[in-house]
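Those protein sequence lines, which keep their order, are chains F and C. Heads up: the first sequence begins at 45 in this note's numbering, then just goes up one per residue. Heads up: the second sequence begins at 256 in this note's numbering, then just goes up one per residue. The beta carbon of each residue, even a glycine, is placed where N, CA and C say it ideally should be. Here is the structure we will look at.
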Amino acid sequence: MKESVAVIEAAVKRFGKRVALDGVTATIASGRLIGVVGPNEAGKTTLLRLLAGLLAPDAGTVTVAGHDVLRGRQAVQAAVGYVPRHLGLHDDLTVAENLALHADLRDVTGAVRRERIGGLLRAAGLDGAADRRARTLSRGMERKLALACALVGAPPLLLLDEPSFGLDPVSCRALFAMARAAAAQGAAVVWSTAYLDDAERCDEVLLLHEGRLLAQGAPANVAARLAGRMRAIDARVVPGGRHAIAERLRNTPGVVDVQVQGGLVRFVTDTPEREVGSEATAGAGTPHAVPPQFEEAVVTLLREQDSTKQVPPPASSPIRSPPASGPALDVRQLGVRRGGLDVMDGVDFTVARGEIFGLIGPNGAGKTTILRMLCGLLRPTRGEVAVAGLDPWTERSAACARFGYVSRKFSLYDDLTVIENLRFFAAACKVGRRRRAERVRQLIADFDLEPHARSRAADLPSRLKQRLALAVALIHEPEILLLDEPTLNVDPLARRELLRRIGALAAGGVAVVVASQRMEDAECCDRLLLLHGGRAIATGTPNELKAAAAALAGAAAMPSLEDAFVALVGQCGLEDAA
Amino acid sequence: MIVRLRRLKALIVVECRLALRSPGTITTVFAAPALLLLLFAYSQSLDTERVPVAIVLEQPTPQARDLAGALHNTRYFHSVFFRTRPAAEQALLHGEVNGVVVLAGDFSRAALAEGDAPVQVLIDGVDARVGRIVAGYVEGAVATWLFQRTLLGQIGGVDAVRTESRIWFNEEIDSRRFLMPGLIVLLMTVVSPLLSALVVAREWERGTIEAMLATPMTVADLLLAKMLVYFALTLAAVALTVGLTVTALEVPFRGSLLPLGAAASLFALSSLGLGLVISCATKNQFAVGRWTLLTGYLPAYMLSGFIFDLRNMPEPVQWISCLVSARYFVSILQTVLLAGDIWPVILPNLAGMAAIATVLLGTAMILVRKRLG
């Protein structure tokens, strides 16, 4: 065990009635990368702010570098580099000026200062951008700059509040490499995240849930808690049936967690001895034991914490009328020209009914642009778009009746209640007057929104907001569903819930398009389109993309989807846009 | 100590850069106030000139014609002549004229024989202010005419006693002179708190304050640096607007720079304090804009004595107005520009602003500390 840089003992923090941290005890060791993981409102930010000396604990003690945060605030802050969630960069200062400010605030002067700033600019890949204003940086670059600012003082404790939020895998890896380098030089790096694949890369994780510490240890050790309880079924032989098998498994007693990953349906049972009957797995192979993943261990731990928050199974038949023949979406040679540049060129794809289609790619690849064109919000410069056979630009109102759209920010009316939002969108989507009340009632029941029906949308936690946003998009029983980064802001449980609903909708014949940054989401898609710089660089099932990446590297073993993503994007030769 | 000073210097340099680079700053501090001031000055005069009035001459006798001519020749009226009363009343009803002056058929006889000739004045009272002004102008014009004719001996038996008024501080009764100091203050009540509040609110939103507070720097350092820069900008804005008023708009400057500077400084401190309080108490830039208008601009508009005279207000309202720092600044600026360094007026007003600035800045400090907790 290395030397510890921070010790948290039975720390409690309340904000009014809400208990943000409820007696957390942990030790932060030097030279390690520590993931603080948990759903939204688990207490991650509060824990980081306590360690940064920005908050005082209501009970318990927090000691950083030998100083109590209550008494030695300045000494604590001299030992801490902190990157808040909003980064805290000055937009109107240049990259170099931002770094210089932090050097001044931390009293880094002389040769050390020059050397350190130069080193950090190189490490962040920003040496060519030193004179650019911070506001002109890409999302990945500004994260790296914020991290560099926190590193200027060479702090023994580095605190990063959700640094990878909304970041694509390529940029995320670069950021991670910087944090890893700081740890190698002896700093303790605390990386908070709601993404479990992020946490899995850390040396150690602290799993927080509702202010309490659920688990602590190396990700592999946490995953090992599921030893013997993890099985998988190869569902490749029944394409499209993966979600149906998953749904049958979910309704099987003794099955705690189920997820679709590539061609596999993986599930966790309550005990290692539990046998799963063949009726649940009919049509597919027999379940075989697989090593548990960290993500599954965390989801299972969270599930077992509050079994009360179980979600009712999604409604089965969402399709109003038997869908017409032909593909749900047909996009040919799509191109967009903006400011004399082809920001998108030659994108082709079709989406069949009942298919889950994933649009993936680094930040700025054009995922949202495509969704906006499918919605008729943006006019393509070239090419053709057919939504259920209609042109969304010229036949907008007819096309609108056929698809539902969930934007990244959910587009709900914050000041309307849940039921008012549903009623409003029912009217806006021209749901017939008589059908409207019935539809609203049905969706409230399906999405388990009854207890919150009279709450204002603004007051809902993000997982319920997401549920409501999806309900709103389905109000007119569309045959196509378009989702923009649906899992950006929700915790692992809410993500599972969403993917399960999407699976059920697809099984009912709805064509679903998901634009996402998260490889976990991509794993659930039937087919993927990998975009980069407005061009389609690969398409196929998740396994086909992995195989393509493997062929590229000349390797026999299948890479993870994320490795495949990074390899395929890297192979394009285009400079990492982030 | 040296470390702290160096830190402060770095912060001030950064604040200056941010202020100058942010595209809104120059517009907010200099261009907008200067433009608004000129616009206001040329549009918002309370003086009324060339008011359309009807003059009814029932019998064009020499005396009546003489008086009508006197009325016609003032620059305050644009007169139209009628022979009968109903025609003039029609014009009044249609809004073509704001007033009717009736010189009745027996005007000359009454004036010459009895020395008691009635002049009827009908006024459109819809706009009370214009109405009163018309009445006042007519009275003044008739009185002047009467006085001159008495001196010339053309009309006898009229009591020659008259009021002779002398107007001080604003000899031409040019309302612009009275309004300009108030306007300057009004503009500053928007510019100054908005400037500080928006910047700080944006920094809360972008997390820069959070990031900087997590360094060994203290809240006091950060606020001091911000205050110094925005203090300087506010003073510059006051200097610009006062300079413009005195030079381009020919408002006199009878006092000296010392009381003006002292007043502007205290006003700047209280405004920045208000801005900081607002930005710490609200969540976003939008709310900052709204609260700045509600707590800075509107009270200054209504309770600073800028247009509405405070002495005519009910006592409770007068008490409330004591909380509005603009009120003190308006009073000092009016004094310094139009009268001179009248310290008995200036000192209590300075004290009032100092008290408000202290309370607001203290509150701001407490709020910043609390905000993260």
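Neighbour flag for residue i against chain F, beta carbons, 9 Å
i               : result
T463 of chain C : yes
L273 of chain C : yes
L495 of chain C : no
S511 of chain C : no
V355 of chain C : no
M568 of chain C : no
M467 of chain C : yes
R387 of chain C : no
E505 of chain C : no
Enclosing alpha helix (DSSP H) for residue i [first to last residue]
i               : result
A492 of chain C : V474 to T502
Y297 of chain C : A287 to S298
Y126 of chain F : No alpha helix (DSSP H) holds Y126 of chain F; the beta strand (DSSP E) holding it covers V124 to V127.
S528 of chain C : Per the sequence presented here, residue 528 of chain C reads as Gly, with Ser not at that position. Unbroken alpha helix (DSSP H) run through G528 of chain C: L512 to A536.
E567 of chain F : M563 to E567
E186 of chain F : R183 to L195
Minimum Cβ-Cβ distance from residue i to chain C less than 9 Å
i               : result
R480 of chain F : no
M45 of chain F  : In this prediction, M45 of chain F scores a pLDDT of 48, lower than 50, which makes its location untrustworthy; the coordinate-derived value is nonetheless stated afterwards. No - not a single Cβ of chain C is within 9 Å of the one on M45 of chain F.
C20 of chain F  : Since the first residue of chain F shown is 45 and the last is 622, residue 20 of chain F is not available in this structure.
F609 of chain F : no
C216 of chain F : no
A372 of chain F : no
L504 of chain F : no
Own chain residues within Cβ distance below 7 Å of residue i, not counting five before or after
i               : result
P371 of chain F : T394, V395 and A396
L143 of chain F : I161, L164, A192, C193 and V196
E270 of chain C : A480, K481 and V484
L521 of chain C : L605, M608, A609 and A612
Length of the line joining the Cα atoms of residue i and residue j
i               : j               : result
A323 of chain C : L578 of chain C : 51 Å
V429 of chain F : M388 of chain F : 14 Å
A50 of chain F  : G125 of chain F : 13 Å
A286 of chain C : L422 of chain F : 37 Å
T138 of chain F : R261 of chain C : 20 Å
T618 of chain C : Q229 of chain F : 43 Å
W459 of chain C : L202 of chain F : 21 Å
E53 of chain F  : V68 of chain F  : 6 Å
M620 of chain C : A475 of chain C : 8 Å
A231 of chain F : A551 of chain F : 49 Å
S361 of chain F : L549 of chain F : The predicted model places S361 of chain F with a pLDDT of 49, which falls under 50 and marks its position as unreliable; any figure quoted below should be read in that light. So the alpha carbons of these two residues sit roughly 8 Å apart.
E394 of chain C : H327 of chain C : 14 Å
T344 of chain F : T547 of chain C : 50 Å
M274 of chain F : T330 of chain F : 13 Å
H332 of chain F : D301 of chain F : 16 Å
A109 of chain F : E348 of chain F : 36 Å
Spatial neighbours of residue i in its chain, beta-carbon cut-off 6 Å, leaving aside the 5 residues before and after
i               : result
A415 of chain C : Any answer about A415 of chain C is weak, because its pLDDT of 42 lies below 50 and its placement is not dependable; what the coordinates show is given next. Excluding sequence neighbours, A415 of chain C sits near T405.
A238 of chain F : D535
G402 of chain F : V558, A566, C569 and L572
T418 of chain C : For T418 of chain C, the predicted structure reports a pLDDT of 48, less than 50, and the residue's modelled location is therefore unreliable. A value from the coordinates is still provided. Here the set comprises nothing.
G448 of chain F : A517, L518, P522 and L525
D242 of chain F : S208
Other residues of its chain near residue i: CB distance less than 8 Å, five sequence neighbours each side excluded
i               : result
A515 of chain F : L466, L487, I488, D490, F491 and L493
M392 of chain F : A small correction: the amino acid at residue 392 of chain F is Asp; Met does not occupy that position in the sequence shown. Taken in chain order, the residues that qualify are V375, R376, Q377, L378 and A580.
N-terminal and C-terminal residue of the beta strand (DSSP E) that residue i is part of
i               : result
A73 of chain F  : R62 to A73
H146 of chain F : Per DSSP, H146 of chain F belongs to no beta strand (DSSP E); it is in the alpha helix (DSSP H), V139 to L149.
E248 of chain F : E248 to H253
Q260 of chain F : R256 to G261
E53 of chain F  : S48 to F59
Q642 of chain F : Chain F is shown only over 45 to 622; residue 642 of chain F falls outside these bounds and no answer can be derived.
G476 of chain F : Looking at the DSSP string, G476 of chain F is not in any beta strand (DSSP E), and its letter there is neither H nor E.
For the region 470–481 of chain C, which residues have a CB atom closer than 7 Å to at least one CB atom of chain F, in sequence order? Those residues of the region 470–481 of chain C that come within reach of chain F (Cβ to Cβ, closer than 7 Å) are T470, P471 and M472.
With 8 Å as the limit, tell me which residues of the region 531–561 of chain C have their beta carbon closer than that to any beta carbon of chain F; keep them in chain order. Going along the region 531–561 of chain C in chain order, one finds no residue with a Cβ nearer than 8 Å to chain F.
Compile a chain-ordered list of the residues in the region 256–272 of chain F whose CB is closer than 8 Å to at least one CB of chain C. For the region 256–272 of chain F, which is checked against every Cβ of chain C, not one residue is closer than 8 Å.
Any C-beta of chain F within less than 8 Å: which residues of the region 276–289 of chain C qualify? Flagged, chain order: R276 and S277.
Compile a chain-ordered list of the residues in the region 122–135 of chain F whose CB is closer than 9 Å to at least one CB of chain C. Against chain C - using a Cβ distance shorter than 9 Å - the residues of the region 122–135 of chain F are A122, V124, G125, Y126, V127, P128, R129, H130, L131, G132, L133, H134 and D135.
Which residues of the region 83–117 of chain F have a Cβ closer than 8 Å to any Cβ of chain C? Give them in chain order. For the region 83–117 of chain F, which is checked against every Cβ of chain C, the residues closer than 8 Å are R93, A96, G97, L98, L99 and A100.
Listed from N- to C-terminal order along the chain, which residues in the region 597–624 of chain C have their beta-carbon within a distance smaller than 9 Å of any beta-carbon of chain F? Considering only beta carbons, no part of the region 597–624 of chain C lies closer than 9 Å to chain F.
Residues within the region 145–156 of chain F neighbouring chain C, beta-carbon criterion of under 9 Å: Within the region 145–156 of chain F, the qualifying residues are L145, H146, A147, D148, L149, R150, D151 and T153.
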